Ligand SMILES: Cc1cc2nc3c(=O)[nH]c(=O)nc-3n(C[C@H](O)[C@H](O)[C@H](O)COP(=O)(O)OP(=O)(O)OC[C@H]3O[C@@H](n4cnc5c(N)ncnc54)[C@H](O)[C@@H]3O)c2cc1C
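In our numbering, the protein residues as written are 152 to 489.
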């Protein structure tokens with residue numbers, strides 16, 4: 152158990168937050184011991200993977216932080232056209248994707264370069280470039296902090312939605328994900344119909360692209376648009392893209408004809424939160440060391456010495472101004488730790 156441990160290198164906003172206790176978790180056995188010792192009963196606790204989707208509002212977290220570090224990637228089943236790959240929660244997502252692309256196994260190449268660890272991927276059903284985790288999800292294993300048992304979750308148990316799952320709603324702060332199983336394709340079919348993938352592949356002169364080229368193209372696009380947390384603190388998209396009724400979209404469109412809208416699976420319209428924030432005049436804004444990234448208004452950044460409270464204050468100002476201008480409430484995608 153580590154006392155008064157700094158989480159500076161465990162959150163991509165780079166905030167120097169101290170926690171009361173931290174504990175590295177290399178296997179389920181560690182969680183069983185913590186359970187027997189009563190840590191999940193009264194103590195405040197929090198799980199961290201790579202800390203790329205959290206914002207701490209205070210400089211001190213008075214509780215136990217579990218740092219998930221179990222490792223292992225194995226091919227666990229051959230289903231003919233597909234294989235099931237089992238990945239420990241503490242593996243880096245990006246490293247796992249690279250390994251699958253190299254092995255010629257398809258399904259996760261569009262999720263190239265998403266920071267963080269594998270265990271957090273089901274939490275918000277990570278997604279990018281037209282693919283979400285749920286598209287390849289097979290099952291997961293999680294430690295139940297109420298019973299001390301390990302439970303298996305199948306796709307229908309996870310209630311995956313847009314940046315959402317049962318682990319963010321009904322089971323918030325109950326399960327600790329230990330590993331996930333994904334179904335990957337031996338003969339992948341590439342998905343190119345999103346954003347500027349085709350354009351990037353053309354400029355790479357990849358006429359007949361496979362998963363390796365798609366992964367490379369997406370890596371290039373992402374590097375050109377998003378700040379690298381190693382250099383500028385951030386947690387990717389700060390807000391979710393709002394989803395509105397088509398009638399509401401028509402109304403907005405009559406006032407803002409250039410407003411983009413995309414068909415959402417539930418028949419509604421998904422708006423681009425970045426566009427709303429940019430239109431409200433925030434792109435490139437900076438107050439002290441808290442700011443709005445100048446290449447993508449959806450990303451809030453820490454230029455160095457901003458506190459979590461500074462970034463949150465900016466987020467609330469943006470929320471207020473978007474609400475005033477468009478009547479739309481932006482909801483944070485980032486997990487706010489109070
Ligand atoms: C530059 C940048 C780009 C990004 N791009 C994308 C993107 O394209 N698409 C996308 O979906 N996300 C994106 N993100 C957000 C982030 O990378 C993902 O949400 C990622 O899955 C978070 O992983 P993590 O290990 O860092 O999670 P953390 O930030 O450590 O945790 C996130 C949440 O999950 C919980 N959690 C973490 N691990 C576990 C576990 N094992 N069991 C139970 N709960 C757990 C935490 O308590 C917290 O509530 C981006 C972030 C950055 C910084």
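Where a beta carbon is used, it is the ideal one built from N, C-alpha and C, also for glycine. Predicted model only: the values in this text are computed from it and were never measured.
- With a contact defined as Cβ atoms closer than 8 angstroms, residue 451 and residue 389 qualify at about 4 angstroms.
- Per DSSP, reduced to three states, the secondary structure at residue 240 is coil, with no helix or strand assignment.
- Around the beta carbon of residue 203, 16 or more other beta carbons lie within 10 angstroms, which makes this residue buried.
- Non-local beta-carbon contacts of residue 312 in its own chain, meaning distances under 8 angstroms to residues more than five positions away in sequence, involve 276 in chain order.
- Assigned with DSSP and collapsed to three states, residue 341 falls in coil, not helix or strand.
- Between residue 243 and residue 269, the alpha-carbon positions lie close to 6 angstroms from each other.
- By the Cβ-count criterion, residue 458 is buried, with 16 or more other Cβ atoms from all chains shown falling within 10 Å of its own Cβ.
- The nearest non-hydrogen atom of ligand 1 is less than 7 angstroms from the C-beta of residue 266.
- DSSP places residue 488 inside the beta strand (DSSP E), whose first and last residues are 486-488.
- Assigned with DSSP and collapsed to three states, residue 403 falls in helix.
- Residue 185 carries a helical assignment under DSSP once its states are collapsed to helix, strand and coil.
- Taking C-beta separations shorter than 7 angstroms and ignoring five residues to either side along the sequence, the partners of residue 287 in its chain run 258, 259, 333, 334 and 335, following chain order.
- Every unbroken stretch of the beta strand (DSSP E) spanning 3 or more residues and falling wholly within the segment 356-435 is given here in chain order: 384-388, 412-414 and 420-422.
- Under the three-state reduction of DSSP, residue 223 is assigned to coil, being neither helix nor strand.
- If you check the C-beta of residue 424 against ligand 1, you find no heavy atom less than 7 angstroms away.
- Around the beta carbon of residue 351, 16 or more other beta carbons sit within 10 angstroms, so the residue counts as buried.
- For residue 192, the closest C-alpha among the options 362, 304 and 298 is that of 298.
- A distance criterion of 7 angstroms places the beta-carbon of residue 328 in contact range of ligand 1, judged by its closest non-hydrogen atom.
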